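Enquirer:
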Amino acid sequence: MTEKKTLLAALILTLSLALASAPAVAAGEEPAHAEQQDWTFAGVFGTYDRNQLRRGFQIFQQSCSSCHGLEYIAFRNLSEPGGPQYSEEQVRALAEQYTIADPDAEGGEREGIPADRWPDPFPSDQIARDANGGALPPDLSLMAKARSIHLEFPWWIFTYFTAYQEGGADYIYNLLVNYHEAPEGVEMQPGQYYNSFFSGHSIAMPPPLADGMIDYEGEGTPETVEQYARDVAAFLQWTADPHMVHRKELGFRVILFLIGFAVLMYLVKRRIWRDAH
Ligand code: HEC
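Take 297 as the starting number for the sequence shown in the numbering used here and just add one per residue.
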């Protein structure tokens, strides 16, 4: 194969791989428009904002945790660097507020300790369904990895270059801010709520946020549904991907190394072939 043909084949292969990995859209179903947010953890140099993660945890604890679990998060993870980074005393005091089912303990229950996982709000899936009109509130630990938003044709191509990994947080944000009155003529089933972002527009989760419902410590952070939604989405991005910042840093260093190495190899090649004419 000539060099040109090899290049062309490589180009076609790259393009078809990119196209194949584009999010598939079910025929006939128009995906809802998603508003992308400015996340501190976006881009190659992004990092989690500790204060935002703390606010997000507060929202999770005071609203979401009455229905949703956080199976893969232990209390002590909340004190790890890169996360909400509460002090160890704060985490111990937090864990003590919860009762943990433990068959080895007297009476089958005991006070929580930092090593315990976040306790499930319901003792079984059946009880969770019964409390939620038949729908099971999914565990939220990995939700930000399980969902993403739909981007229109040319835009998702750029995500390869901007290191876009915030689709999960964008999804959760858009889900939480898009509860509306059902439009005229749309009849909702009992126990279902109209949400213009959720696929099918009908969801079994009642709107979990309302303006002013949770008090943030200190002044300055708006107490609005949008702000709560952004904060809890950032927190859930962290629970799903606590090592994202480290991975991006490493990726950046690897690229720098490869560029340096390429320059070095070029100079070596010039030197070796210097006398060949
Ligand atoms: C009163 C109970 C309840 C509360 C409180 C609640 N949820 Fe839910 N949630 C549900 C139920 C039930 C479902 C399943 C909905 C369905 O499948 O129709 C659900 C589903 C979800 C989903 C998955 C949607 C999807 O794409 O499948 C996300 C994300 C979610 N909730 C986030 C949250 C967040 C964040 C909070 C807190 C701000 C919260 N929920 C508070 C009951 C609740």
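By construction, the Cβ of each residue, glycine as well, lies at the ideal position given by its N, Cα and C atoms. Keep in mind that this is a model prediction, so the values were computed, not measured.
Could you check how far apart the C-beta atoms of S437 and A536 are, in whole angstroms? I think they sit under 8 Å.
Expert: The beta-carbon separation of S437 and A536, rounded to 7 Å, stays under the 8 Å limit for a contact.
Enquirer: From this set, P504, E385, I308, H476, which residue's C-alpha is nearest P433's C-alpha?
Expert: P504
Enquirer: What residue does the beta strand (DSSP E) around A397 start on, and which one ends it?
Expert: 395-397
Enquirer: Hey, is V528 close to the ligand HEC, as in C-beta under 7 Å from one of its heavy atoms?
Expert: yes
Enquirer: Use the C-beta contact count for V387: other C-beta atoms within 10 angstroms, 16 or more gives buried, fewer gives exposed.
Expert: buried
Enquirer: Since E367 and W414 should fall inside the 8 Å C-beta cutoff, what is the C-beta to C-beta distance between them, to a whole number of angstroms?
Expert: Sure, about 7 Å apart at Cβ, within 8 Å.
Enquirer: Check whether the Cβ atoms of L360 and V528 lie closer than 8 Å to each other.
Expert: The sequence given here has Cys at residue 360, not Leu. For C360 and V528, yes; Cβs fall inside 8 Å.
Enquirer: In the DSSP assignment, the beta strand (DSSP E) including R406 goes from what residue to what residue?
Expert: 405-407
Enquirer: Report the residue from F493, D466, Y467 whose alpha carbon sits nearest the alpha carbon of A478.
Expert: F493
Enquirer: Which residue spans inside the region 371-454 form an unbroken alpha helix (DSSP H) run of at least 4?
Expert: As summarised for the region 371-454, the continuous alpha helix (DSSP H) elements at least 4 residues long and confined to that stretch are 384-392, 421-427, 439-442, 449-454, given in chain order.
Enquirer: Give every residue of the same chain whose Cβ lies closer than 8 Å to the Cβ of Q333, excluding the five residues on either side of it in the sequence, and list them in chain order.
Expert: E462, A465, D466, Y469, R526, A529
Enquirer: Let's test the definition: count the other Cβ atoms within 10 Å of the Cβ of F353 and tell me whether it reaches 16, buried, or not, exposed.
Expert: Looking at its Cβ environment, which holds 16 or more other Cβ atoms inside 10 Å, F353 is buried.
Enquirer: So, is A322 buried or exposed, given that buried needs 16 or more other C-beta atoms within 10 angstroms?
Expert: In this prediction, A322 scores a pLDDT of 44, lower than 50, which makes its location untrustworthy; the coordinate-derived value is nonetheless stated afterwards. Classification of A322: exposed, given that the 10 Å Cβ count is below 16.
Enquirer: Between N347 and the ligand HEC, is the CB less than 7 Å from at least one heavy atom?
Expert: no
Enquirer: Return the CA-CA distance between W534 and G481, expressed in angstroms with no decimal places.
Expert: Roughly 40 Å separates the two Cα atoms.
Enquirer: Quick one: what's got a C-beta closer than 6 Å to A431's C-beta in the same chain, skipping five residues either side?
Expert: Within the same chain, A431 has close Cβ partners A500.
Enquirer: Run through DSSP, which three-state label would S492 get?
Expert: coil
Enquirer: DSSP puts I499 in a beta bridge; with which residues?
Expert: DSSP links I499 through a beta bridge to Y489.
Enquirer: CA-CA distance, L471 and A424?
Expert: Using only the alpha carbons, I get a separation of about 21 Å.
Enquirer: Judging by CA-CA distance, which residue of F337, F553, I409, D435 is the nearest neighbour of M540?
Expert: The shortest C-alpha to C-alpha distance from M540 to any of F337, F553, I409, D435 is the one to F337.
Enquirer: What's the C-alpha gap between V565 and F553?
Expert: Before going further, note that residue 565 is Lys rather than Val in the sequence given. Cα to Cα, the separation comes out at about 18 Å.
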